[in-house]
Amino acid sequence: MNIANAGETKWLALNREEGCVPLTEMYEQFPQLSGNVTPTEILNVLKKSHPHASKKTFLDVITAEYRSSNTKPTTEDRFMHKLITRDNAYVIFFKEDSPEIILFSEQLCSALMKRPSTNR
Numbered sequence: 094m095n096i097a098n099a100g101e102t103k104w105l106a107l108n109r110e111e112g113c114v115p116l117t118e119m120y121e122q123f124p125q126l127s128g129n130v131t132p133t134e135i136l137n138v139l140k141k142s143h144p145h146a147s148k149k150t151f152l153d154v155i156t157a158e159y160r161s162s163n164t165k166p167t168t169e170d171r172f173m174h175k176l177i178t179r180d181n182a183y184v185i186f187f188k189e190d191s192p193e194i195i196l197f198s199e200q201l202c203s204a205l206m207k208r209p210s211t212n213r
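The opening residue of the sequence shown carries number 94 in our numbering; numbering runs sequentially from there.
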């Protein structure tokens, strides 16, 4: 089991319904990943059973989606994009190039929770 040091990034899984959730919730769905706490560790475990598994930055994935659909981000999307970097959000693909696991840093999740509401 890998234990993160105080100075290392803590990662959370992005659940489409619930938002950022602890990795332990991901381990319930993918028990083989239990104890792996970084995107690279998770990718390496998945590659054992899915040799074509890959990791991309979330920023690259969403940029490609906008380009392929020829759409522009909403105001709320643009706010979120300002917070995302190439180091704080990843998508791990391992089945038919569909995003299966999305990981955000704890700092990114906290910042997104503080975002201004567009419903006010």
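The beta-carbon is built from N, C-alpha and C at its ideal position, and this holds for glycine as well. Keep in mind that this is a model prediction, so the values were computed, not measured.
- Taken atom to atom, the span from the alpha-carbon of E111 to that of I195 is near 13 Å.
- Of the residues I185, E193, V154, the one whose Cα lies closest to the Cα of S162 is V154.
- With fewer than 16 other Cβ atoms from the protein chains shown falling within 10 Å of its own Cβ, A157 counts as exposed.
- Taking 7 Å as the cut-off, the Cβ atoms of A146 and F187 count as close.
- The DSSP-derived three-state label of V138 is helix.
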